[in-house]
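Residues 532 to 656 in the working numbering are what the sequence shown spells out, letter by letter. All residues carry an ideal CB built from backbone N, CA and C; glycine is no exception. This report refers to the structure that appears directly beneath it.
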Amino acid sequence: MQLVSANDRLKFVEIELKKKDEEGEKYRSRCQEALIAYLLELQRYRRREFKADLAAQRLRLGEFVQKRDGHKFTETWVDGAEMLKVKQRLQQISAEKEELEKRKKQVKGKRGSGFLAKDSNGKAS
532 MQLVSANDRL KFVEIELKKK DEEGEKYRSR CQEALIAYLL ELQRYRRREF KADLAAQRLR
592 LGEFVQKRDG HKFTETWVDG AEMLKVKQRL QQISAEKEEL EKRKKQVKGK RGSGFLAKDS
652 NGKAS
């Protein structure tokens, strides 16, 4: 009698353990599915952010554009806003440099004609 009741208790405990094990497996599989869904969404988000960043940089710096020239394609560089600003600034700097060089030549010309010309002996003529 005691053996039968002990055996029944063991069977009951075994059934309960199997139920808990199945619940644990279901919970584990749900967690895995949620983690997979989260990681996929995170990857999609990062990809969208990366593409948006590339588009912003392309507008800022420039890009290669394919143009059709008859039956062949050629790649040309199209400057972005930042590159255009840099080129404009370089043009301003070169214009300022040319202006300073002109002034320098004018100052040298005035200096040379304003002083007494000396001959090779160092005497004023």
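| Asked | Found |
| --- | --- |
| Beta strand (DSSP E) runs contained entirely in the segment 581-628, provided each spans 3 or more residues | 593-600 and 603-610 |
| Counted within 10 angstroms of its Cβ, other Cβ atoms place E547 as buried (16 or more) or exposed | exposed |
| Through-space distance from L573 to Y558, alpha-carbon basis | 22 Å |
| Rounded C-alpha distance that separates L541 from A568 | 40 Å |
| Close Cβ partners of D610 (< 6 Å) along its chain, the five nearest in sequence each way excluded | G593 |
| E554 versus F581 - alpha carbon distance | 40 Å |
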